[in-house]
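Please read the structure below before turning to the comments.
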Amino acid sequence: MPTWLMPLVWGTGAGAALVLGSAVSWRWSIPSKVVSTIMAFGAGVLISALAFELVDEAVKGGGLWPTVAGFLAGAVVYVGANMLLSRAGAKHRKRSGGQQPSEQDNPGSGTAIAVGALLDGVPESVVLGVGLLAGGAVSPAMLAAVFISNVPEGLSGTAGMKKAGRSAGYVFGLWGSIAVLSGLAALLGYVALEDAPEELVAFITSVAAGGILAMLADTMIPEAFEEHHNLTGLTAAVGFLTAFTVHHLG
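Laid out in structure tokens, this is it:
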């Protein structure tokens, strides 16, 4: 497989986990505690991945200050965009309960949820492509982390959309489109930064890491605590250790 094609394939494959989670949630009614437990596990996986696969590698490649600046910029940009989308009705896009508004309750919320879901997925996908620049192959740990975390996102988000009365066409069209755009984002990350200085690569990688951490705090962790708060910390710790183990074995 040509190297330039790899980020497109792997980015789309990781994004397809959203469709997998969505299909399971649409077909079966998943108990809220199961959804929140899986979400906690996925959050732990992503925290490990952004620490060891993104931030640590960015510091090694481009230095401390580009990494610090990028991480802060990513967090600020994500939080700012998320605040705007929340006002438009996308605040609870990953919640599996009845928190999501219907289109009748909040006109335009469907579009806001779609944009919000794309905002959540793009940083993860970009770093899959950027990771190819250093090692010549997609990081197994980062790929596993994105895939594992996308399944509960699809599960939880779809459960909430279903309760809000959104159609199957909307739900699967949303997640399918994001899977395709995830592949394109990974490809863009690889092509745009192929000849970039290491400092710039570190900055962009850290922007993605900062955005991912802000996303976890704003969307995934609240859902994880919703129904299963007593075991959320333990479940997240297991997810962290799982990704950490894959990182070292990979």
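In this note's numbering, the protein residues as written are 1313 to 1562.
Backbone N, C-alpha and C define an ideal beta-carbon position, used for all residues, glycine too.
The structure presented is a predicted model; accordingly, all values stated were derived computationally and were not measured.
query: What are the boundary residues of the alpha helix (DSSP H) that includes M1318?
result: L1317 to R1339
message: Let's test the definition: count the other Cβ atoms within 10 Å of the Cβ of K1372 and tell me whether it reaches 16, buried, or not, exposed.
response: exposed
message: Here's a check: name, in chain order, each residue in its chain whose Cβ is nearer than 7 Å to the Cβ of M1395, leaving out the five neighbours to either side.
response: none
field: Extent of the continuous alpha helix (DSSP H) to which G1375 belongs
entry: No alpha helix (DSSP H) contains G1375, which DSSP labels as neither H nor E.
query: Taking DSSP as the reference, what is the three-state secondary structure of P1464?
result: P1464: helix per DSSP, three-state reduction.
- prompt: Using the C-alpha atoms, what's the distance from I1425 back to A1471?
  reply: 14 Å
message: Quick check on A1498: does DSSP put it in helix, strand or coil?
response: Helix, per DSSP.
- request: Would you give the residue range spanned by the alpha helix (DSSP H) that S1360 belongs to?
  value: S1344 to A1361
query: Buried or exposed: L1563, going by 16 or more other Cβ atoms within 10 Å of its Cβ?
result: In this structure the chain extends from 1313 to 1562, so residue 1563 is not present and cannot be described.
message: Once the 5 residues before and after A1381 are set aside, which same chain residues still bring their CB inside 8 Å of it?
response: F1515 and S1518
message: Under DSSP, the alpha helix (DSSP H) around V1513 begins and ends at which residues?
response: E1510 to M1527
task: Closer than 8 Å by C-beta to L1500: which residues in its own chain qualify, once you throw out the five before and the five after it? Chain order, please.
output: V1438 and G1441
query: Hey, out of G1333, F1353 and A1393, whose CA is closest to F1300's CA?
result: One cannot answer for residue 1300 here, as it falls past the ends of the chain, which runs 1313 to 1562.
task: Report yes if the CB atom of S1334 is closer than 8 Å to the CB atom of F1484, and no otherwise.
output: With respect to F1484, S1334 sits close: the two C-beta atoms are nearer than 8 Å.
E1365 (DSSP reduced to helix, strand or coil): helix
message: Can you give me the C-alpha to C-alpha distance between A1457 and S1451, rounded to a whole angstrom?
response: 10 Å
Stretch pair the stretch 1521 to 1528 + the stretch 1384 to 1399: three plus CB contacts closer than 8 Å: yes
Closest by C-alpha distance to E1510, when choosing among N1542, G1481, G1443 and L1561: G1443
message: Quick check: the Cα distance between L1431 and V1513, rounded to an integer number of angstroms?
response: 20 Å
field: DSSP state of V1450 mapped onto helix, strand, coil
entry: coil
query: Whose CA, out of L1445, G1477, S1461 and P1435, lies closest to the CA of E1506?
result: Selected option, being the one with the closest Cα: L1445.
- request: Please confirm whether A1355 and I1533 have their CB atoms less than 8 Å apart.
  value: yes
message: Using 8 Å for Cβ pairs, my map puts A1393 next to V1558. What's the rounded Cβ distance?
response: About 30 Å separates the two Cβ atoms, so there is no contact after all.
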